[in-house]
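Chains as they are written, first to last, in my numbering: chain W, 1 to 257; chain G, 258 to 514. Don't be surprised by glycine CBs; every beta carbon is placed ideally from N, CA and C. Keep in mind the model is a prediction, meaning the values are calculated, not measured. Data first, discussion second: the structure below is written as structure tokens.
There are 2 protein chains.
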Amino acid sequence: MQDMRLQHIIAVVKEKSYASVEKLAAQLNVSAMTIRRDLNLLCSQGRLERCYGGARLPSSIVRETAYSEKLQVHREQKLLIARKALSFIQSGDSLYLDSGTTVGALAQLLCESQLDVSVVTNELNIAQLLAQAGLSVTMVGGTVNQATGSVSGHASEQFLRQFRFSKAFLGASSIDYSFNTFSPNFDKAYLKRLAMELSAQCYLLADAGKFYSSAMCLITSLNQYAGVITDKEFSKAELKQLQEKSVNIIPAADASL
Amino acid sequence: MQDMRLQHIIAVVKEKSYASVEKLAAQLNVSAMTIRRDLNLLCSQGRLERCYGGARLPSSIVRETAYSEKLQVHREQKLLIARKALSFIQSGDSLYLDSGTTVGALAQLLCESQLDVSVVTNELNIAQLLAQAGLSVTMVGGTVNQATGSVSGHASEQFLRQFRFSKAFLGASSIDYSFNTFSPNFDKAYLKRLAMELSAQCYLLADAGKFYSSAMCLITSLNQYAGVITDKEFSKAELKQLQEKSVNIIPAADASL
DNA sequence: ACAATTTCGAACATAAATTATCAAAATTGG
DNA sequence: CCAATTTTGATAATTTATGTTCGAAATTGT
């Protein structure tokens with residue numbers, strides 16, 4: 001039943017570019033609480049944006065999200081994931097940090113930590129952040145992507161092959177029902193695969209919203225990562241499936257705090 | 258509901274380039290206090306600028322990065338030099354933009370221009386700026402320098418050799434009495450020389466303050482540049498000397514304005 | 001420079017929306 | 001059909017948004 005509701009909500013928001021909790025609750029004959037849960041779900045999937053009293057279309061278009069602003073979205077989850085990831089890093093590691101806001105959060109924590117590591121990254125913001133903090137950073141060369149400020153392409157691949165890493169921390173734009181990771185961009189997907197080849201261990205950082213959707217380009221399957229660090233809570237059925245595919249899920253929120 | 262209000266306010270300000278607290282309060286059926294709170298919020302986000310009794314469009318669309326702040330020092334001179342440099346660029350050029358604030362000013366102007374050029378740069382800020390403006394940008398890979406946010410080193414040299422440029426715009430930290438250019442860093446000096454080798458024409462951008470001091474590492478002599486764009490006013494004796502050494506000085510401030 | 005006027009922002013009060021929590025209802029899998 | 005899980009609804013506690021008042025600060029006119 002809730003599937004219908006979600007569809008309806010999306011439709012309404014798309015048409016009117018805004019919908020209030022109250023009206024949706026009346027239209028759909030459910031309580032406001034249920035609508036809020038739906039909106040929060042859709043928001044976490046990036047399908048719309050939440051605001052006090054309702055929801056509106058995601059304003060992702062062109063809106064100049066400064067990097068630090070962008071980090072604010074789902075900041076708690078991302079930080080939780082990043083904190084967990086940080087616990088896998090030791091002084092002396094040679095790291096590859098992929099592009100993306102969750103990995104960006106990890107970079108921030110890395111700055112504040114006293115860890116002595118060498119970092120290679122393909123994202124301009126991350127390179128800048130870490131360099132300012134005095135860490136040893138190498139920027140991957142290549143074609144700069146307008147939207148994300150990351151580099152990719154043939155030149156990047158060639159450049160990256162000169163390195164080897166003890167650990168890589170990667171993002172992905174989505175994860176489908178068969179537990180494969182995806183990126184919307186072929187060059188980026190390839191670069192991620194390459195980084196995985198060059199790393200002794202690699203970890204996927206994925207917030208709950210990344211699950212169960214897919215993008216154009218396949219990266220790899222979840223069991224290729226040494227660990228998948230996520231804040232998503234899995235049902236028993238899901239956990240069983242994941243175990244069958246020998247995927248190593250590392251919950252972001254637990255013990256270490 | 259305040260989300261809608263913010264949208265409306267932005268729209269009004271964009272259209273009329275100014276909106277008063279009073280009128281907005283009347284239009285939107287809320288108290289003046291609420292409008293003030295909204296305006297202050299939008300102002301803190303840099304989406305508009307506050308003024309007594311209302312708000313107006315932000316004066317510069319350029320964002321408040323630490324970078325563009327840095328450009329403020331000697332901003333007029335740098336912009337004058339950059340504007341002159343811009344006049345040498347045509348659509349179709351393949352450019353190398355060196356690191357440094359004066360070249361950074363050129364990058365800003367390049368963003369605002371409608372020129373269709375391909376750019377390779379070794380500075381993170383410049384890469385980001387140009388990419389956001391939708392230009393075709395390639396970032397040079399390599400070790401990131403903590404202070405400047407530029408890359409250099411062996412990996413950068415190797416990377417750069419893959420390219421050829423129609424024009425290069427370079428900075429220098431100082432110029433001595435014998436009209437040689439200098440950099441405080443060996444790797445950077447080498448990278449600049451390399452960029453010059455790979456470019457059909459190269460221009461030095463140097464504000465008046467750069468003259469008559471020296472740094473550790475020699476780059477090259479002034480006559481190796483196709484042109485030296487500067488705001489410095491030379492004496493007749495100096496001009497004679499420069500002419501003897503066949504240095505092509507291009508005054509930043511003149512005619513074209 | 002001074003006073004009159006307007007605008008501003010802090011503090012409080014109130015209303016609305018949200019979250020957290022728990023129990024009831026619906027759904028699912030055997 | 002029953003037990004286990006998930007979804008939903010109701011309530012209280014919390015957070016957020018808005019309006020009002022009033023003294024301080026800015027602007028204007030003289």
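The beta strand (DSSP E) runs lying completely inside the segment 123-162 of chain W and spanning 3 residues or more are 136-139 and 142-144, given in chain order.
Look at the beta carbons and you see the segment 233-249 of chain W not touching the segment 259-267 of chain G: under three pairs across the two are nearer than 8 Å. DSSP links K424/G through a beta bridge to L352/G and Q458/G. In the DSSP assignment, S20/W falls outside any alpha helix (DSSP H) and within the unbroken beta strand (DSSP E) covering Y18 to S20. For V21/W and D187/W, the gap between their C-alpha atoms comes out near 41 Å. One alpha carbon belongs to A105/W, the other to G171/W, and they sit about 12 Å apart. DSSP places G209/W outside any beta strand (DSSP E), giving it a letter other than H or E. At a cut-off of 7 Å between C-beta atoms, F88/W does not count as an interface residue with respect to chain G. Under DSSP, I432/G shares a beta bridge with T438/G and F468/G. Sixteen is the threshold: since fewer than 16 other Cβ atoms of the shown chains lie within 10 Å of the Cβ of E490/G, the residue is exposed. CA-to-CA, the gap between T34/W and L79/W works out to about 27 Å. Here M216/W is exposed. Its C-beta has fewer than 16 other C-beta atoms within 10 Å. Taking a beta-carbon distance threshold of 7 Å, G398/G counts as an interface residue toward chain W. Assigned with DSSP and collapsed to three states, A82/W falls in helix. Under the Cβ criterion of 7 Å, T121/W is not counted among the residues facing chain G. Taking C-beta atoms as the reference points, S118/W and S91/W fail to come closer than 7 Å.
Annotation for S430/G: F439, S440, P441, K467 and A472 place their beta carbon closer than 8 Å to its own, counting only its chain and skipping 5 residues before and after. Closest by C-alpha distance to A189/W, out of D207/W, Y212/W, S166/W and S221/W, is S221/W. Across the set N505/G, G303/G, Q481/G and Q458/G, the C-alpha of N505/G shows the shortest separation from the C-alpha of T487/G.
The C-beta distance from A155/W to L130/W rounds to 22 Å, too long to fall under 8 Å, and the pair is not in contact. Contact of G134/W with chain G by beta-carbon distance below 9 Å involves Q403. With contact defined as three or more Cβ pairs closer than 8 Å, the segment 80-100 of chain W and the segment 194-209 of chain W are in contact.
By DSSP's assignment, G311/G forms a beta bridge with S277/G and C308/G. Taking 7 Å as the threshold, the shortest C-beta distance from C111/W to chain G does not fall below it.
Per DSSP, the beta bridge partners of I229/W are L205/W and I250/W. Cα atoms of F422/G and N286/G: separation of roughly 59 Å, rounded to the nearest angstrom.
Where S44/W is concerned, the enclosing alpha helix (DSSP H) starts and stops at A32 to S44.
Contact annotation for Q259/G against chain W: Y52 [CB-CB distance below 7 Å, chain order].
With fewer than 16 other Cβ atoms from the protein chains shown falling within 10 Å of its own Cβ, L298/G counts as exposed.
Judged by their CB atoms, V103/W and N122/W are not nearer to each other than the 7 Å cut-off. Close to chain G, meaning a Cβ-Cβ distance shorter than 9 Å, is no residue of the segment 176-189 of chain W at all. Assigned with DSSP and collapsed to three states, V360/G falls in helix. If you check each beta-carbon in the segment 272-294 of chain G against every beta-carbon of chain W, none falls closer than 7 Å.
Following the DSSP letters along the chain, one finds L372/G in no alpha helix (DSSP H), marked with neither H nor E.
At least one CB of chain G lies nearer than 7 Å to the CB of F159/W.
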